[in-house]
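Note sheet for the following structure.
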Amino acid sequence: RPRPGLARFRGCLAGALLGDCLGAVFEGRSVVKLPELLSFLKGLEAAPPEEGGEAAGSARGESLPYTDDTAMSRSVVQSLLAKQEFDEVDMAKRFAEEYKKEPNRGYGMAVVNVFKKLLSPKCNDVFEPARAQFNGKGSYGNGGAMRVAGIPLVYPDIQDVKKFAKLSAELTHANSLGYNGAILQALAVHLALQEGLSRETFLEQLISHMEHVEADDKSLSDARALGFEDLPFSRRLKKIKEFLELSSVPKADVLSELGNGIAALRSVPTAIYSFLRCMDADPDVPDHYNALQRTIIYCISLGGDTDTIATMAGAIAGAYYGEEQVPPSWEQSCEAFQETQRMAKSLYELYCQRL
Ligand code: F2R
Ligand code: MG
Ligand code: MG
Ligand code: MG
25 RPRPGLARFR
35 GCLAGALLGD
45 CLGAVFEGRS
55 VVKLPELLSF
65 LKGLEAAPPE
75 EGGEAAGSAR
85 GESLPYTDDT
95 AMSRSVVQSL
105 LAKQEFDEVD
115 MAKRFAEEYK
125 KEPNRGYGMA
135 VVNVFKKLLS
145 PKCNDVFEPA
155 RAQFNGKGSY
165 GNGGAMRVAG
175 IPLVYPDIQD
185 VKKFAKLSAE
195 LTHANSLGYN
205 GAILQALAVH
215 LALQEGLSRE
225 TFLEQLISHM
235 EHVEADDKSL
245 SDARALGFED
255 LPFSRRLKKI
265 KEFLELSSVP
275 KADVLSELGN
285 GIAALRSVPT
295 AIYSFLRCMD
305 ADPDVPDHYN
315 ALQRTIIYCI
325 SLGGDTDTIA
335 TMAGAIAGAY
345 YGEEQVPPSW
355 EQSCEAFQET
365 QRMAKSLYEL
375 YCQRL
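And the structure:
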């Protein structure tokens, strides 16, 4: 198996951080006007905050805080590094402790009940609190997917990527529409790490893996129970293929077919589409922005769950293009950006050991 370079690991974590911190500024807005977004970015580029302190001449004065997306991604990474493999008890503990330490990072409304149960000494099955969510149906939110990038950065084998993406998501998301979204996002990062994959091959591989992932009894029954057709992620990936064959796709069509919401099904395919479409230039985005920047700009311009869609697309784009496309002024605007470099190096070493 060829070894991807360290630059892709750094790019992945930095892209994810950028997507979260920049996207969070706009999270929950139904409409984000491109001129406003571009002018916000211009402000960052003119005056990134100095290390740990005040930004020279900036009205903002401090770095853009990360949200639950990054807080949980960091717990995933820290657990993998501490244990040198996936360990459900350790990871669950880190999620819960991190929530207890900083509860105001913008967590999902329901997932906080999982953390509270995990913190109780009476909890002896770390998967049980997630199974009890939503009257036993489990959460289908995008929280399992938003934090999953550490898994494909540690496991080079695609079967391991699927297995541990699922288990890491099941600590909070027991509905298959939640954890299958995490598997899809993990597969996208895994493929993005591989050298020189074309847009077509990338998408074909995702479709063939997801058709298999979604064919089990629980995936079929969870989708039917919510009134969806069979293989809902695979169907949306095929819609992406159709979109990519068109010369332009109106935002309204992207929103109606793929979505910009808090459910994994309404956000993971959107992140993947954003990454793939932004391989090409966009007449609405200035030429000096590179493909990774274009990807994050496009995600945010869709509105809705902007931090989460942009962090997922940012992780994929960062793994694909590498850290060369991470602009220093953007990165330095984000809270705790220096730590991603160190974490990326440690993940890379673990990945190489497993090759
Ligand atoms: N929580 C937010 N943003 C809310 C605030 C946005 C903005 N400021 C505003 O005011 O509009 N962001 C973070 O949450 C998302 C990840 O959530 P996660 O971890 O999946 O949490 P949870 O609570 O499990 O699920 C989220 C919501 O999805 C709905 N839902 C899920 N499963 C359901 C089911 N089986 N039945 C019915 N509803 C279900 C619920 O509304 C959940 O609360 C990310 O965006 C992150 O950035
Ligand atoms: Mg968030
Ligand atoms: Mg174990
Ligand atoms: Mg969000």
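Residue numbering for the sequence shown follows my numbering, starting at 25 and increasing by one per position. Even for Gly, the Cβ is constructed at its ideal location relative to N, Cα and C. The structure displayed is predicted, hence computed values, not measured ones.
Opening and closing residue of the alpha helix (DSSP H) in which Glu-9 lies: The displayed coordinates of the chain run from 25 to 379. Any statement about residue 9 would go beyond what the structure contains.
Can you have a look at Glu-373 and say buried or exposed, based on whether 16 or more other CB atoms are within 10 angstroms of its CB? exposed
Alpha carbon of Gln-362 to alpha carbon of Pro-176, nearest angstrom: 21 Å
Return helix, strand or coil for Glu-373, following the three-state DSSP convention. helix
Helix, strand or coil at Gly-81 [DSSP, three-state]: With a pLDDT of 36 at Gly-81, under the threshold of 50, the modelled position of that residue is not reliable, and no figure is offered here.
Inter-stretch contact at 8 Å, needing at least 3 Cβ pairs: the segment 351–366 / the segment 29–41: yes
DSSP three-state label for Leu-255, please. coil
CA nearest to the CA of Leu-65, picked from Gly-43, Val-55 and Thr-196: Gly-43
Applying the 10 Å Cβ sphere with the 16-neighbour rule, what's the burial state of Leu-379? exposed
Beta carbon of Thr-196: closer than 7 Å to some heavy atom of ligand 4? no
Locate the alpha helix (DSSP H) running through Asp-114, then write down its first and last residues. 112–125
Would you mind sorting Met-336 into buried or exposed? The rule is 16 or more other CB atoms within 10 Å of its CB. buried
Taking the alpha carbon of Met-96 as the point to measure from, which residue in Asp-254, Glu-122 and Lys-190 has its own alpha carbon closest? Glu-122
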